[in-house]
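Under this note's numbering, the first residue of the sequence shown is numbered 156, with each subsequent residue one higher. Ideal Cβ placement from N, Cα and C applies to all residues, glycine included. These numbers were taken from a predicted model, which means no experiment stands behind them. Take a look at the structure below.
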Amino acid sequence: MNQGLVNHTGIPGSSEGHMAVTQVPMVTLWKQADGVLIYPTILVLFLSILGVTTNILNILVFTRMGLQETTTSSMLALAVSDLICCIMAFWTYLCYVPAFRDIPGLPFQSIEVAQETGQNFRPYVIRTGALITAFITLERCLCVVIPLKVKKVITLTVTRVTIVIIYIITIVPYIAHPFQYKLDWKFYPSLNRTIVGSVVKEDPIAFFFLVFNAYLCGFSYLLLASGVVLVCTLFLVITLVRSSRWRESVRKQTQLSIEKSVNLKASGSKREDRLIKMVVVIAIMFIVCTTPGTIVMFIVSVSQEYIEGERFLPSTLLLQACLFTFETVNNSLNFFVYYMIGTRFRVVFRQLVGLKEDTTSS
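What follows is the structure, given as structure tokens:
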């Protein structure tokens with residue numbers, strides 16, 4: 156954000172877009188809203204610490220599992236993007252905590268620095284995670300639709316190239332941001348000091364690219380990812396239901412003498428179902444946690460009264476904290492999904508931390 160002012164479509168730090176709209180100092184607004192925001196701030200800090208821990212564990216486990224499977228490579232890439240998001244969330248809200256923000260002699264304006272070094276970069280990485288989630292669900296759908304050909308269509312090379320492309324198209328556009336805003340020494344009359352803060356360069360070309368990226372690229376990426384995840388998730392849920400019904404009918408119709416052979420045939424199906432179930436849970440969590448931000452982005456974009464009305468700004472900060480909470484939940488909890496559903500993940504994790512092998516795993 157520029158000069159510590161509220162901007163970026165009125166939803167500072169949400170995962171969707173940037174546009175200067177008002178001239179109310181962020182510091183003033185945050186101090187006015189401290190009483191309301193203290194609990195969401197604590198929650199975001201807790202979730203972000205949890206997310207940093209769990210995503211580091213995800214990265215270690217997936218690396219130890221080996222990256223010769225396409226799904227493992229994709230989930231490792233997702234863990235990396237989630238880790239970055241959680242680090243950015245922690246740093247941003249740490250700078251918003253009054254005890255940190257008001258440290259005497261702090262050489263920088265913490266809220267403005269948080270905007271430029273964490274909050275403004277985070278939306279780009281959120282789009283990365285969204286597109287990777289869409290790719291994972293799409294791959295799992297192809298495994299169901301064309302099980303004999305999917306390994307030829309989605310190869311390990313294709314997966315890695317796709318992940319690199321996703322990171323490039325979502326994060327590289329951020330390079331326009333430093334051309335519009337930068338950190339520099341500023342004089343603050345209220346402090347009677349010169350400290351590091353956010354300064355606007357007023358580069359019209361850079362501003363155009365920021366708006367273009369926010370509304371066209373950023374919004375379209377989220378809509379595309381959400382649409383793919385929603386459609387693929389519905390398809391996978393239907394597949395799980397059908398698979399469950401099939402196994403139930405087999406149990407009822409098969410004689411005991413041939414039950415072993417049927418179980419051998421079904422064992423691969425059960426493993427596939429566990430993987431599908433894992434992807435479905437991750438996808439549902441993604442939909443639930445990112446939909447509010449997408450809806451709010453749309454409402455704010457079309458509501459001129461909301462954009463221009465300064466009386467809405469304190470509530471905007473509370474809304475920002477709520478969106479941060481939803482997004483950080485999505486970035487933090489995948490580990491528990493992997494551990495509860497993924498047998499191989501659970502075994503490798505227990506080996507990694509020196510726990511006894513889980514004899515209940517099947």
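DSSP bridge partner residues for residue i (one or two, in chain order)
i: residue 336; result: 355
i: residue 343; result: 348
i: residue 263; result: 351
Beta-carbon separation (whole angstroms), residue i vs residue j, contact threshold 8 Å
i: residue 206; j: residue 241; result: 3 Å
i: residue 285; j: residue 377; result: 6 Å
i: residue 473; j: residue 451; result: About 12 Å; that fails the 8 Å criterion.
i: residue 316; j: residue 339; result: About 39 Å separates the two Cβ atoms, so there is no contact after all.
i: residue 449; j: residue 375; result: Not really, about 11 Å apart at Cβ, beyond 8 Å.
i: residue 485; j: residue 441; result: 6 Å
CB of residue i within 8 Å of CB of residue j, strictly
i: residue 276; j: residue 265; result: no
i: residue 247; j: residue 232; result: no
i: residue 480; j: residue 278; result: no
i: residue 220; j: residue 291; result: no
i: residue 383; j: residue 326; result: no
i: residue 510; j: residue 215; result: no
i: residue 199; j: residue 483; result: yes
i: residue 234; j: residue 245; result: no
i: residue 443; j: residue 388; result: no
i: residue 518; j: residue 288; result: No statement about residue 518 is possible, as the shown extent of the chain runs from 156 to 517 and does not include it.
i: residue 309; j: residue 283; result: no
i: residue 336; j: residue 271; result: yes
i: residue 259; j: residue 350; result: no
i: residue 352; j: residue 427; result: no
i: residue 476; j: residue 192; result: yes
Residue i Cβ short of 7 Å to the ligand MG heavy atom set
i: residue 367; result: This structure simply doesn't include the ligand MG, nor any ligand for that matter.
(message) Would the stretch 425-441 count as touching the stretch 391-400 if we require 3 or more Cβ pairs under 8 Å?
(response) yes
(message) Across the stretch 476-493 and the stretch 202-222, are there enough close Cβ pairs to call them in contact, namely three or more that are closer than 8 Å?
(response) yes
(request) Indicate whether the contact test is met: 3 or more Cβ pairs, each with one atom in the stretch 289-309 and one in the stretch 221-235, closer than 8 Å. (result) yes
(request) Would you check if there are 3 or more beta carbon pairs closer than 8 Å linking the stretch 331-343 to the stretch 358-367? (result) yes
(request) Mind listing, in chain order, the continuous alpha helix (DSSP H) runs of no fewer than 4 residues lying wholly within the stretch 219-303? (result) 225-251, 253-256, 265-269, 277-300
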